[in-house]
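Colleague:
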Amino acid sequence: MWEIEGIAASAGIAIGQVMHIQECVHDFSRTVAPGEAPREKERFLSAQQVADTELDELQERTAITVGKDQAEVFGAHKLMVQDPSLVDAVFEEIENNCASAEGAVEVAVEAIATMFASLDDEYMRERAADIKDIGKRLLRILQGNVETVNYEGILVASDLLPSDTAAIDFDRVSGFITALGGKTSHSSILARAAGLSAVVGVGCVIDKLCDGDMVIVDGHIGKVLVNPDENLLVEYRQRLQEEKAKTASLAQVGHLPGITLDGHSIEVAANIGTPGDMKKVLAVGADGVGLFRTEFLFLDKTSVPTEEEQFQSYRTVLMAAPYKKIVIRTLDAGGDKQLPFFGGLPEANPALGLRAIRLCMVYKDVFKTQLRALLRAGLEGNLYIMFPMIATLDELLAAKVLLKEVADELANEKIPYRSDVPVGIMIEVPSAAIIADILAEEVDFFSIGTNDLVQYTMAADRMNEHVASLSDYFQPPVIRLIANVTKAAQKSGKWVGMCGEMAGDPLATPLLVGLGLTELSMSARSVPVVKNLVRQLTVEQAKEWAEQILTLRTTADIKKKLEKIAEKFTI
Ligand code: PEP
Ligand code: MG
């Protein structure tokens, strides 16, 4: 047996035989006679048309089998196939270098992919995989091939491209391993949505895997065990059964009220990125939405979504659960989520630069359009508006002034809107946590974003694996800041929620309840597990534990204590 280490992209265990995704074989002539250029251009244009139709069909099929949002990637691919810069690059290669249509596609795609791969922004870097996928599709069409493979078992590929994923029957595949990719690549997102276990970014070691090899994919820890011995197989099969049984038994708990044994209500909510995610939110029994990351409506778009487009998206979310609390965060672009239409000079430290509320206050028109759409949609449900990355009182007051301005404009235009939407902020910058008492007077609620609060408190890039031990929400300073926020909010009678990753970690639940949080928002999958824990706690006991934990000096001590506490519960 041997092991492969990678990135844990989608939790869960999968056991099965390896099957490699078939790569395109390029045995075509790369050059043609100069007079053939018009014919090669024609061939390219017809391939482009076929790709267009294929992508339409794929989008439709994926929307039904996986989900509308996951299918959107094919809409984005359509835009890329039609992109004039791709067409120009292909034509140039045909004309200048007597390339065949195939050769020109290869060269053009490689150049565009290299350009994407060199960008600082992780999201844009991952678009390199998309353009390569488009290249692969065009080459297959040019060579007259059709997709016929029936994949099953554990899929292995250098990168699992969206077109590959669409061809997969999810009942026959249980996991995948890729050489490339990160947690935010499309394949990882699809894996999580489809409930597959996945380990990505393992490197060229995948070349040592052969079709038919037996593997265990442990998506919890990012490990692959190749040709394990019988004892290990038995152990993992047992764990797999336990996981399935646990998921099935907890499914019911998700729909019960999140009430502690001593009668306190803790809302267990879900985070979403698109309106389509509401299906999962309702299926797991979440008490509402604690964070709608609206920037996902802006990604993959060539221009800012219109007020009407945004209004429809917010309305859909609110109407899906009209009686549940829906916290919609205003645009958090910049930083690691650069949007092409904001232009501007590249920043040396984007995470510390023009991001979130800072960017919105520069591009006020974009911000006001979003606020208009939100206030209008507010009539359809239980909307809460939340501003991201507030660092000072002035920023908060300026954002509130703008919101009031938008409301007045709507009133003047006689456009119906909701005038009493509660307004809160994310606490994700240490400065905000420190002056939480001042900010609390100006808001209806706080939601703690631990992903950024940890990054900015510990001065550790949240995407840099080399500082992973610092990027830990169990660091004592982070816990002290959380305590400071809840204390300040309680004094002002405001509620505090949490929507960073920490909220979905069952190990943290007793601590967070003890610190005074009354809303925990997480990925839909974690809702039943956390709700199950909440229902076994008493706030009184949790408070005592939180006090003890606040006196501990190291992350290791804190985790040890929490693990001891966890033993008292059925998780
Ligand atoms: C956070 O920072 O914890 C958060 C929830 O926001 P995001 O992960 O979108 O930055
Ligand atoms: Mg954040």
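FYI, the working numbering numbers position 418 of the sequence shown as 1855, with every residue one higher than the one before it.
We put the CB at the ideal spot given by N, CA and C, even for glycine.
Computed from a predicted structure; not experimentally measured.
Is the stretch 1932-1946 touching the stretch 1886-1902 in the sense that three or more CB pairs, one from each, lie closer than 8 angstroms?
Modeller: yes
Colleague: Using the C-alpha atoms, what's the distance from S1958 back to H1728?
Modeller: Within the sequence shown, residue 1728 is the residue found at index 291, counting from 1. Within the sequence shown, residue 1958 is the residue found at index 521, counting from 1. In the sequence on display, residue 1728 carries Leu and not His. Each residue's Cα considered, the two are about 7 angstroms apart.
Colleague: So, at 6 angstroms on beta carbons, what are the nonlocal neighbours of W1439 in its own chain, with the 5 sequence-adjacent residues on each side left out?
Modeller: One-based indexing of the sequence shown puts residue 1439 at position 2. Answer for W1439: V1663, listed in chain order.
Colleague: Could you tell me the distance, in whole angstroms, from the CA atom of V1718 to the CA atom of I1531?
Modeller: By one-based count along the sequence shown, residue 1718 stands at place 281. By one-based count along the sequence shown, residue 1531 stands at place 94. Straight-line Cα distance between these residues: approximately 50 angstroms.
Colleague: Is A1635 helix, strand or coil by DSSP?
Modeller: As a position in the sequence shown, residue 1635 is number 198, starting the count at 1. Looking at A1635 - three-state DSSP - the assignment turns out to be strand.
Colleague: In this structure, how does DSSP classify H1457 when only helix, strand and coil are distinguished?
Modeller: Reading the sequence shown from its first residue, position 20 is the one you call residue 1457. If DSSP states are grouped into helix, strand and coil, H1457 belongs with the strands.
Colleague: To the nearest angstrom, how far is the alpha carbon of K1738 from that of G1472?
Modeller: For the purposes of this step, residue 1738 is taken as residue 301 along the sequence shown, with counting starting at 1. For the purposes of this step, residue 1472 is taken as residue 35 along the sequence shown, with counting starting at 1. Cα to Cα, the separation comes out at about 39 angstroms.
Colleague: Report yes if the C-beta of E1977 is less than 7 angstroms from at least one heavy atom of the ligand MG; otherwise report no.
Modeller: On the sequence shown, position 540 is the one that residue 1977 refers to. No, the Cβ of E1977 stays beyond 7 angstroms of every heavy atom of the ligand MG.
Colleague: Does the beta-carbon distance from Y1760 to R1813 come in below 8 angstroms?
Modeller: Reading the sequence shown from its first residue, position 323 is the one you call residue 1760. Reading the sequence shown from its first residue, position 376 is the one you call residue 1813. It is not a contact, given that the beta carbons lie outside the stated cut-off.
Colleague: Using alpha carbons as the reference points, say which of T1988, G1722, G1656 lies closest to I1452.
Modeller: Your numbering for residue 1452 matches position 15 in the sequence shown. If you compare the alpha carbons of T1988, G1722, G1656 with that of I1452, the shortest gap goes to G1656.
Colleague: Using only the heavy atoms of the ligand MG, determine whether one of them is closer than 7 angstroms to the beta carbon of D1889.
Modeller: Taking the first residue of the sequence shown as 1, we reach residue 1889 at position 452. Distance from the C-beta of D1889 to the nearest heavy atom of the ligand MG is below 7 angstroms.
Colleague: The ligand MG and P1787: does the residue's C-beta get closer than 7 angstroms to at least one heavy atom of that ligand?
Modeller: Position 350 of the sequence shown, counting from 1, holds the residue named residue 1787. Outside the cutoff, so no.
Colleague: Between D1655 and the ligand PEP, is there a pair consisting of the residue's CB and a ligand heavy atom that are separated by less than 7 angstroms?
Modeller: Numbered from 1 along the sequence shown, position 218 holds the residue referred to as residue 1655. Checking the Cβ of D1655 against the ligand PEP gives no.
Colleague: So for N1819, helix, strand or coil by DSSP?
Modeller: Locating residue 1819 in the sequence shown gives position 382, where the first residue counts as 1. DSSP places N1819 in strand when its eight states are reduced to three.
Colleague: Round the Cβ separation of K1931 and V1880 to the nearest angstrom and send it over; I've been treating them as touching at under 8 angstroms.
Modeller: Taking the first residue of the sequence shown as position 1, residue 1931 is located at position 494. Taking the first residue of the sequence shown as position 1, residue 1880 is located at position 443. So it is a contact: roughly 6 angstroms between Cβ atoms.
Colleague: If G1638 and V1455 are in contact, beta carbons under 8 angstroms, what's the gap, nearest whole angstrom?
Modeller: Here residue 1638 is taken as the residue at index 201 of the sequence shown, counted from 1. Here residue 1455 is taken as the residue at index 18 of the sequence shown, counted from 1. Not really, about 17 angstroms apart at Cβ, beyond 8 angstroms.
Colleague: Could you tell me whether any non-hydrogen atom of the ligand MG is closer than 7 angstroms to the CB of D1557?
Modeller: For the purposes of this step, residue 1557 is identified with residue 120 of the sequence shown, where counting begins at 1. It does not: the Cβ of D1557 is nowhere closer than 7 angstroms to a heavy atom of the ligand MG.
Colleague: Is any heavy atom in the ligand PEP found nearer than 7 angstroms to the beta carbon of R1962?
Modeller: By one-based count along the sequence shown, residue 1962 stands at place 525. No - the ligand PEP has no heavy atom lying nearer than 7 angstroms to the Cβ of R1962.
Colleague: Between A1993 and D1909, what straight-line distance do the alpha-carbon atoms span, to the nearest angstrom?
Modeller: Within the sequence shown, the letter at position 556 stands for residue 1993. Within the sequence shown, the letter at position 472 stands for residue 1909. D1909 has its alpha-carbon roughly 11 angstroms from the corresponding atom of A1993.
Colleague: So, is P1712 buried or exposed, given that buried needs 16 or more other C-beta atoms within 10 angstroms?
Modeller: Stepping through the sequence shown from its first residue, residue 1712 is reached at position 275. P1712 should be labelled buried.
Colleague: Enumerate in chain order the residues of its own chain whose CB-to-CB distance from T1988 is below 8 angstroms, with the five nearest sequence positions on each side excluded.
Modeller: The count along the sequence shown starts at 1 and reaches residue 1988 at position 551. So the list is empty, once near-sequence residues are dropped.
Colleague: Verify whether the separation of the beta carbon atoms of F1804 and L1776 is less than 8 angstroms.
Modeller: Taking the first residue of the sequence shown as 1, we reach residue 1804 at position 367. Taking the first residue of the sequence shown as 1, we reach residue 1776 at position 339. No, the pair does not count as a contact, with Cβ atoms beyond the cut-off.
Colleague: Suppose only complete runs of 4+ residues qualify. What are the alpha helix (DSSP H) ranges in the stretch 1472-1530, listed by chain order?
Modeller: 1474-1502, 1505-1519
Colleague: How many whole angstroms separate the CB atoms of A1726 and P1965, which I take to be in contact at a CB cut-off of 8 angstroms?
Modeller: If you number the sequence shown from 1, residue 1726 lands on position 289. If you number the sequence shown from 1, residue 1965 lands on position 528. It should be noted that the sequence gives Val, not Ala, for residue 1726. At roughly 16 angstroms, the Cβ-Cβ gap does not stay under 8 angstroms, so V1726 and P1965 are not in contact.
Colleague: From which residue to which residue does the beta strand (DSSP E) around D1994 run?
Modeller: Numbered from 1 along the sequence shown, position 557 holds the residue referred to as residue 1994. No beta strand (DSSP E) holds D1994; the alpha helix (DSSP H) holding it covers 1992-2003.
Colleague: Counting only runs of 3+ residues fully inside the stretch 1719-1802, write out the beta strand (DSSP E) ranges in chain order.
Modeller: 1725-1730, 1762-1766
Colleague: Count the other CB atoms within 10 Å of the CB of V1671; is the residue buried (16 or more) or exposed (fewer)?
Modeller: Start at 1 with the first residue of the sequence shown, and residue 1671 comes out as number 234. Under this definition V1671 is an exposed residue.
Colleague: Sorted by chain position, which residues of the same chain lie with C-beta nearer than 8 angstroms to D1558's C-beta, five sequence neighbours on each side aside?
Modeller: Start at 1 with the first residue of the sequence shown, and residue 1558 comes out as number 121. Counting only Cβ-Cβ distances below 8 angstroms, and skipping sequence neighbours, we find D1773, K1774, Q1775, P1787.
Colleague: Return the chain-ordered list of same chain residues with a C-beta closer than 6 angstroms to the C-beta of G1594, the five sequence neighbours on each side being excluded.
Modeller: As a working note, residue 1594 is residue 157 in the sequence shown. Residue 1594 is actually Ala in this sequence, not Gly. Closer than 6 angstroms at Cβ, skipping near neighbours: I1458, T1615.
Colleague: Tell me the DSSP secondary structure of M1900 in three-state form.
Modeller: As a first step, residue 1900 is located in the sequence shown; it is residue number 463 there, counting from the start. The answer is coil: DSSP assigns M1900 none of H, G, I, E or B.
Colleague: Judging by CA-CA distance, which residue of A1828, I1871, T1743 is the nearest neighbour of G1790?
Modeller: As a first step, residue 1790 is located in the sequence shown; it is residue number 353 there, counting from the start. With distances taken between Cα atoms, G1790 lies closest to A1828.
Colleague: CA-CA distance, V1705 and I1450?
Modeller: As a working note, residue 1705 is residue 268 in the sequence shown. As a working note, residue 1450 is residue 13 in the sequence shown. Distance between the alpha carbons of V1705 and I1450 is about 25 angstroms.
Colleague: Anyone know if the C-beta pair for F1824 and I1862 falls short of 8 angstroms?
Modeller: Counting from 1 along the sequence shown, the entry for residue 1824 is found at position 387. Counting from 1 along the sequence shown, the entry for residue 1862 is found at position 425. It is a contact, given that the beta carbons lie within the stated cut-off.
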